[in-house]
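For reference, the structure discussed in these notes is given below.
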Amino acid sequence: MTAKYAYYPGCSLHSTGSEYDISFRAVCEKLGMEIKEIDGWICCGTSPAHSSSRLLSLALPYENICLAEKMGMSDIVAPCAACFARLKTAIYEANEDAEIASQISEAIEKPLPKSMNILSPLEIFCNQQGLAEAVTKQLSELKVVCYYGCLLTRPSKVMQFDECEYPMAMDELLRSLGIETLDWSYKTECCGGALAMTRTDVVLKLTHDILEEAKAVGANAIAVGCPLCHVNLDTRQTEVEKEYDTQYGLPIFYFTQLMGLAMGVAGDKLGLQKHFVSADGLLSGV
Amino acid sequence: MEANLTITSQSQLAKAVFNESGQDVNLCYQCRKCAAGCPISYAVFCKPTQIIHAIRLGMDDLVYKSKAMWLCASCETCTTRCPQEVDIAKVMDAVKITAVKQGIKPTIPQVAAFYRAALSNIKMFGRMYEMGMIVGLKMRTFEFFKDVGMGMKMFKKGKLKMVPSFTGALRTRKIFNRVKSIEKRNRKT
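Chains as they are written, first to last, in my numbering: chain H, 8 to 293; chain V, 10 to 198.
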């Protein structure tokens, strides 16, 4: 069987967010969904590119879109929310502005593909048949808040993903696997993203607000779909606790890790051991 | 009789922002939704709404001395909520790009250093090589001991690669160079 989706992991899923890559692949395998990594993919440029050059920030994603087309694919799945947003933005802007489209084409020395669908795994899994049948383990101890962050849904005119102010896709997906998700007000608040590298104080404040709200509504875990959100909420959590003299101990899961657990995949096959905040205590009660 | 009531600013910066981003700040009617939703409003004196207004008024100095664009997390909340469909996040990018072009010192130099470190890293390797980028950033900011402990722990957990990938490095460098020459040509015309 040939793969249905071209897979664009992006830089984070090969490094700081490698557990997102591992767990995404594991879930695809469980569901019999074939993916093929784009040969020779390059970085999408992320925030440093669009903060420095509009053309560069559109040309880099387009190089990857062209590579996917060369593989004969018409759908790209991009789990990283930032990559997902940059790929979609490139297509949106090229469609809106013929002048920039021709400059992009000149910069990458290729004609731009006529069409390419850019998908988040959330969109694919939500439409997947047989999800409930794949569940082999009840995760009844979990009370999860789904944290979508910024770039899955914004800007809404570009992303066209779910409802931008109060999305439900991740909640519905996890609920369909028997995982309880809670309502809360911080689904699409910003964690500070890449400011962690330079202005950590801002990120500590923003992640503190998110962790605080998650705890207030009674969550014992947070589900995310962005490697930047994960780094800020997981690896910086101890720092937040120290700064604000509080205690959270909230495990941060990629939603694909929770899917894998519900489908009976072992924790170490989903990269759970890579988390800074251990989920062992929480999961031993499951 | 119908009249076009949009007041058009003659400000040079408004024109520069328009050329850079296609965004017309004159559409703003100061509802302040952007400031209300901005996660960094608490940390800046001039909120996004005031930056937009200052651009219209030609108060370039005030804009360039502000921190908002450099602290902007690109969360796109302002862009999504603007009732006039001004892409405010893009305006923030355009102000930064214009400032750099004019040789104006960034108000948050670490953020500008991060952009440069990240881009030169991508240009060199094709994919972000985190270890190299972190070293590059430290060389630029002199914050040698920041996050060292966290970095070590990430490395031990296999979250940071020792060796960079060079996949697509040559192609990426070519794209960077061609973008530069296209932008140079655009400035001339």
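Glycine included, every Cβ here is placed at the ideal spot set by N, Cα and C.
| Item | Value |
| --- | --- |
| Simplified DSSP state of lysine 166 of chain V, which is helix, strand or coil | coil |
| First through last residue of the alpha helix (DSSP H) which encompasses aspartate 208 of chain H | 207–223 |
| Limits of the unbroken beta strand (DSSP E) element including aspartate 82 of chain H | 82–84 |
| 9 Å Cβ cutoff, isoleucine 98 of chain H in contact with chain V | no |
| Outcome for tryptophan 162 of chain H when other beta-carbon atoms lying within 10 angstroms are tallied against a minimum of 16 | Sequence inspection shows proline at residue 162 of chain H; the tryptophan mentioned does not correspond to that position. When all chains shown are included, proline 162 of chain H counts as buried. |
| Closer than 9 Å to chain V by CB, isoleucine 115 of chain H | yes |
| Per-residue burial, alanine 126 of chain V [other beta carbons within 10 Å of its own, 16 or more giving buried] | buried |
| Phenylalanine 91 of chain H beta carbon near the ligand GDP (any heavy atom closer than 8 Å) | The model on display carries no ligand, and the ligand GDP is accordingly not part of it. |
| Proximal residues of chain C, C-beta to C-beta of alanine 56 of chain H below 9 Å | In summary, chain C is missing from the structure at hand, where the protein chains are H and V. |
| Neighbour-count burial assignment, leucine 207 of chain V, 16 or more Cβ in a 10 Å radius | Within the shown structure, residues of chain V are numbered from 10 to 198, placing residue 207 of chain V beyond reach of any answer. |
| Beta-ladder partner(s) of glutamate 196 of chain H, from DSSP | None; glutamate 196 of chain H has no bridge partner. |
| Any chain V beta carbon closer than 9 Å to methionine 123 of chain H | no |
| Element boundaries [beta strand (DSSP E), containing asparagine 124 of chain H] | 124–126 |
| Partners in chain V for glutamine 110 of chain H, counting only beta-carbon separations shorter than 7 Å | Ile191 |
| Residues bridged to cysteine 153 of chain H [DSSP beta-bridge criterion] | H:Ala230 |
| Reference valine 84 of chain H, options H:Phe31, H:Ser285, H:Thr195, closest by Cα | H:Phe31 |
| Candidates H:Ser25, H:Cys87, H:Ile49, H:Ile217: closest to proline 128 of chain H by CA position | H:Cys87 |
| Reference methionine 142 of chain V; option with closest CA among V:Ala52, V:Ile117, V:Gly158, V:Tyr124 | V:Tyr124 |
| The region 240–252 of chain H in contact with the region 210–227 of chain H per 3-pair CB rule at 8 Å | yes |
| Beta bridge counterpart(s) of phenylalanine 260 of chain H as assigned by DSSP | H:Ala230 |
| Contact list for glycine 52 of chain H against chain V, beta-carbon separation under 7 Å | Ile131 |
| Inter-residue spacing [alpha-carbon to alpha-carbon] between leucine 257 of chain H and serine 285 of chain H | 8 Å |
| When V:Cys84, V:Ile106, V:Asn195 are compared against alanine 56 of chain H, the one with the closest alpha-carbon | V:Ile106 |
| Closer than 9 Å to chain H by CB, cysteine 84 of chain V | yes |
| Where the region 56–86 of chain H meets chain V: residues whose CB sits under 8 Å from a CB there | Ala56, His57, Ser58, Ser59, Ser60, Arg61, Leu62, Leu63, Ala66, Leu67, Glu70 |
| Which listed residue (V:Ile113, V:Asn195, V:Gln21) has its alpha carbon closest to that of methionine 68 of chain V | V:Gln21 |
| Contact between the region 108–116 of chain V and the region 74–84 of chain V (3+ Cβ pairs under 8 Å) | yes |
| For lysine 43 of chain H: DSSP bridge partner residues | H:Ala13 |
| With 16 other Cβ atoms within 10 Å as the buried cut-off, status of valine 172 of chain V | exposed |
| Cysteine 87 of chain V - containing alpha helix (DSSP H), residue span | 86–90 |
| Any C-beta of chain H under 9 Å from that of threonine 181 of chain V | yes |
| Chain V contact residues for serine 281 of chain H, given Cβ-Cβ distances below 8 Å | With the sequence shown as reference, residue 281 of chain H is identified as lysine, and serine is not the correct amino acid for it. The answer, in chain order, is Lys166, Gly167, Lys168. |
| 6 Å CB neighbourhood of valine 272 of chain H in its chain, flanking five on each side removed | Ala33 |
| Straight-line Cα distance separating valine 151 of chain H from glutamate 179 of chain H | 12 Å |
| Chain-ordered chain V contacts of serine 127 of chain H [CB-CB under 8 Å] | Here the premise fails: no neighbours, minimum Cβ distance about 16 Å. |
| C-beta atoms of proline 48 of chain V and threonine 86 of chain V nearer than 9 Å | yes |
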